[in-house]
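Numbering (the numbering used here), first residue to last: -5 to 382.
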Amino acid sequence: MSKAFIPYSCQLIEEDDIEAVVRVLRSEWLTQGPDIEAFEKNVATYCKSPHAVAVSSATAGLHLACMALGIGEGDLVWTSPLSFAASANCARYVGAEVDFVDIDSDTGNMCVSALKTKLEMAEKTGRLPTCVIPVHYAGRACDMPAIHALKEQYKFSLIEDAAHALGGRYGDGTPVGCNPASDMAVFSFHPVKPITTGEGGMVTTHNPELAERLRQLRTHGITRDTAKLQKKNRPAWYYEQQSLGYNYRITDMQAALGSSQMAKLDRFIDRRRALAERYLTLLKSLPLMLPLPDRHSGWHLYAVRIDPSRTQTTRDEVFATLRAQNIGVNVHYMPIHWQPYYQSLGFKEGQFPKAEAFFNQELSLPMHPRLSDKDQDFVAQTLANALT
Ligand SMILES: *Cc1c(COP(=O)(O)O)cnc(C)c1O
-5 MSKAFIPYSC QLIEEDDIEA VVRVLRSEWL TQGPDIEAFE KNVATYCKSP
45 HAVAVSSATA GLHLACMALG IGEGDLVWTS PLSFAASANC ARYVGAEVDF
95 VDIDSDTGNM CVSALKTKLE MAEKTGRLPT CVIPVHYAGR ACDMPAIHAL
145 KEQYKFSLIE DAAHALGGRY GDGTPVGCNP ASDMAVFSFH PVKPITTGEG
195 GMVTTHNPEL AERLRQLRTH GITRDTAKLQ KKNRPAWYYE QQSLGYNYRI
245 TDMQAALGSS QMAKLDRFID RRRALAERYL TLLKSLPLML PLPDRHSGWH
295 LYAVRIDPSR TQTTRDEVFA TLRAQNIGVN VHYMPIHWQP YYQSLGFKEG
345 QFPKAEAFFN QELSLPMHPR LSDKDQDFVA QTLANALT
């Protein structure tokens, strides 16, 4: 008898989540209603950030974050090569050039000393980045104090791609998204992420002007705020489109689901932390490089690496063996600069060797709050068999 598929990640939806969505369906407001503001307040409070702007996805949030900062043609944006394409695509949407900073192999996050070296060289050639987008890989926060010090020195703006990291904490224990030294942090609510709204995203910021720009840009660049209208003394129907924005709004159904899920975030994260501790015990004798323990990580992914010095078995062989057993392992990520689109812009294999080596060895094991101890034991046992 074949076992049920065990995904690497998935949503956990309960009866009260469903009721929250149904309540909105029975109400007057399906979109642009009060549930969106309530969801924004929930996330802002949790993240200890004065402003949170809900959008239709993290990808939309990253795009608007770049627009709100005024990034455009002639600008240069640096991000991590070990990420989802959206971390780099947002810069391309606004016409900026993209480059990458190699990772720290211990964490998968942008390497601070590589960033420092690259900034020193860029200063000499007069091509400093306008903006840097570090990614909190797998839910583990980047070394933000060190990155903020470089931001101060080199005057770039900073967007945290926190798509993995809702519920995670920085090194000082404060919640990801609360950081006044960053311009913005962007979260994702795709079903594999820490909480879900189906599709959805949120941008947190300490800067009220950025928050206002995000709000306007997510709804076509339109404002109805009489204080902001360029033409005064207009009738009540009057509104102005003051810039070129998009429809990047979230719906009230999604926002109600998001608020319901926010109430469970700490429980979800606790379960992820417990699973990470169990993996550490279950896998410690295998020829793997396990993620470093981290009591602050949100553990979006449990990313192990096959240690080539201790086994002949390749990642792709292990991947195929586990998939054949209905275990939904995955790979995060093929480096962005290996994607054909980025190669067409001139990037080549070999340019960011640490991200490439990490990718070649990486396997994301099932890690989500619905994963039972029993299924986790099965994953560990199947992995042990595959490696010996
Ligand atoms: C999922 C993800 C995104 C995009 O999120 P969406 O909500 O699906 O648009 C961006 N960056 C990273 C690192 C992600 O994992």
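Every residue, glycine too, gets a C-beta built ideally from N, C-alpha and C.
Cβ shell of SER3 (< 7 Å), same chain only, five flanking positions each side left out
Correct list, in chain order: VAL186, MET361 and HIS362.
Kindly provide the ranges of any alpha helix (DSSP H) runs that are 4 or more residues long and lie completely inside the region 112 to 152, ordered along the chain.
Runs of the alpha helix (DSSP H) inside the region 112 to 152: 138 to 148.
Kindly provide the ranges of any alpha helix (DSSP H) runs that are 4 or more residues long and lie completely inside the region 40 to 118, ordered along the chain.
Taking only runs of at least 4 residues, the alpha helix (DSSP H) segments lying wholly in the region 40 to 118 are 52 to 62 and 80 to 87.
Counting only the same chain and skipping the five closest in sequence on each side, list residues whose C-beta sits under 6 Å from that of PRO139.
Contacts found: none.
Less than 8 Å between the CB atoms is what I'm expecting for HIS158 and ALA132, so what's the real figure, rounded?
With 8 Å as the limit, HIS158 and ALA132 qualify as a contact, their Cβ atoms being about 6 Å apart.
Nearest neighbour of LEU238, chosen from GLY215, LEU6, LEU284 and VAL18 [CA to CA]
Ranking the options by Cα distance to LEU238, first place goes to GLY215.
Determine the DSSP secondary structure at LEU204, reduced to helix, strand or coil.
If DSSP states are grouped into helix, strand and coil, LEU204 belongs with the helices.
Three-state secondary structure assigned by DSSP to ASN36:
Helix.
To the nearest angstrom, how far is the alpha carbon of PRO75 from that of LYS225?
Distance between the alpha carbons of PRO75 and LYS225: 46 Å.
Enclosing alpha helix (DSSP H) for GLY252 [first to last residue]:
Per DSSP, the unbroken alpha helix (DSSP H) holding GLY252 starts and ends at 246 to 256.
Report yes if the CB atom of ASP96 is closer than 8 Å to the CB atom of PRO347, and no otherwise.
Yes, Cβ-Cβ distance for ASP96 and PRO347 is below 8 Å.
Looking only at DSSP bridge pairs, what is GLN418 linked to?
Nothing can be reported for residue 418, as the shown portion of the chain is limited to -5 through 382.
Between the region 63 to 74 and the region 117 to 133, can you find at least three pairs of beta-carbon atoms closer than 8 Å?
Yes, since at least three Cβ pairs between the region 117 to 133 and the region 63 to 74 fall closer than 8 Å, the two stretches touch.
For ASP285, count neighbouring C-beta atoms within 10 Å of its own C-beta (all shown protein chains included) and say buried if the count is 16 or more, exposed if not.
Contrary to the premise, residue 285 reads as Pro rather than Asp in this sequence. With 16 or more Cβ atoms within 10 Å of its Cβ, PRO285 is classed as buried.
Please report how far the alpha carbon of GLN333 lies from the alpha carbon of ARG228, in whole angstroms.
So the two alpha carbons sit approximately 51 Å from each other.
Under a criterion of Cβ closer than 7 Å to any non-hydrogen atom of ligand 1, which residues qualify, in chain order?
Spelled out in chain order, the answer is SER51, ALA52, THR53, ALA54, LEU56, SER77, PHE78, ALA80, SER81, VAL129, ASP155, ALA157, HIS158, SER182, PHE183, HIS184, LYS187, GLU193, GLY194 and GLY195.
When the Cα atoms are used, what is the spatial distance from THR111 to TYR296?
Inter-residue distance for THR111 and TYR296 is about 30 Å (C-alpha atoms, whole angstroms).
Rounding to the nearest angstrom, what Cα-Cα distance links MET283 and ALA380 in this structure?
Computed Cα separation, rounded: 15 Å.
Taking the beta strand (DSSP E) that ALA318 belongs to, which residues open and close that run?
That residue, ALA318, is in no beta strand (DSSP E); its alpha helix (DSSP H) goes 309 to 318.
Identify, in the order they occur along the chain, each residue of the same chain with its Cβ nearer than 6 Å to the Cβ of ASP137, setting aside the five sequence neighbours on each side.
So the qualifying residues of the chain are VAL106.
What span of residues does the beta strand (DSSP E) with TYR296 cover, start to end?
Per DSSP, TYR296 is one residue of the beta strand (DSSP E) stretching across 296 to 300.
PHE181, DSSP secondary structure in three states:
In the displayed model, PHE181 falls within a strand according to three-state DSSP.
Should ALA14 go down as buried or exposed, given a rule of 16 or more other Cβ atoms within 10 Å for buried?
Residue environment: ALA14 is assigned as buried (16 or more neighbouring CB atoms within 10 Å of its CB, all protein chains considered).
Using 8 Å as the threshold, is the C-beta distance between PHE352 and MET328 below it?
Their beta carbons are not under 8 Å apart, which means PHE352 does not touch MET328 by this criterion.
On a Cα-Cα basis, can you pick out the residue from GLY171, GLY120, SER51 and ARG299 that is closest to ASN201?
Nearest option by C-alpha distance: GLY171.
Are the CB atoms of PHE317 and GLN355 nearer to each other than 8 Å?
It is worth fixing the name first, because residue 317 is Arg in this sequence and not Phe. Cβ distance not < 8 Å, so ARG317 and GLN355 don't count as in contact.
Nearest candidate by alpha-carbon position, reference ASP371, set LEU339, ILE300, LEU276 and GLY120:
The alpha carbon of ASP371 has as its nearest neighbour, out of LEU339, ILE300, LEU276 and GLY120, the alpha carbon of LEU276.
From MET(-5) to GLY292, what does the alpha carbon distance come to, in whole angstroms?
A caution first: MET(-5) carries a pLDDT of 46, below 50, which makes its placement in the model unreliable, though a value can still be read off. Distance between the alpha carbons of MET(-5) and GLY292 is about 34 Å.
First through last residue of the alpha helix (DSSP H) which encompasses THR426:
Residue numbering for the chain in the displayed model covers -5 to 382; residue 426 lies beyond these limits and cannot be assessed.
In this structure, does DSSP put ASN379 in helix, strand or coil?
Three-state DSSP puts ASN379 in a helix.
Exposed or buried, what is SER366 when buried is set at 16 or more other beta-carbons lying within 10 Å of its beta-carbon?
Around the CB of SER366, fewer than 16 other CB atoms lie within 10 Å, so the residue is classed as exposed.
For LEU357, name the three-state secondary structure that DSSP assigns.
Looking at LEU357 - three-state DSSP - the assignment turns out to be strand.
DSSP state of LEU1 mapped onto helix, strand, coil:
Residue identity check: residue 1 is Pro in the sequence provided, not Leu. Three-state DSSP puts PRO1 in a strand.
Can you tell me the Cβ-Cβ gap for ILE153 and MET256, rounded? I've got them flagged as a contact below 8 Å.
Not a contact, Cβ separation roughly 22 Å.
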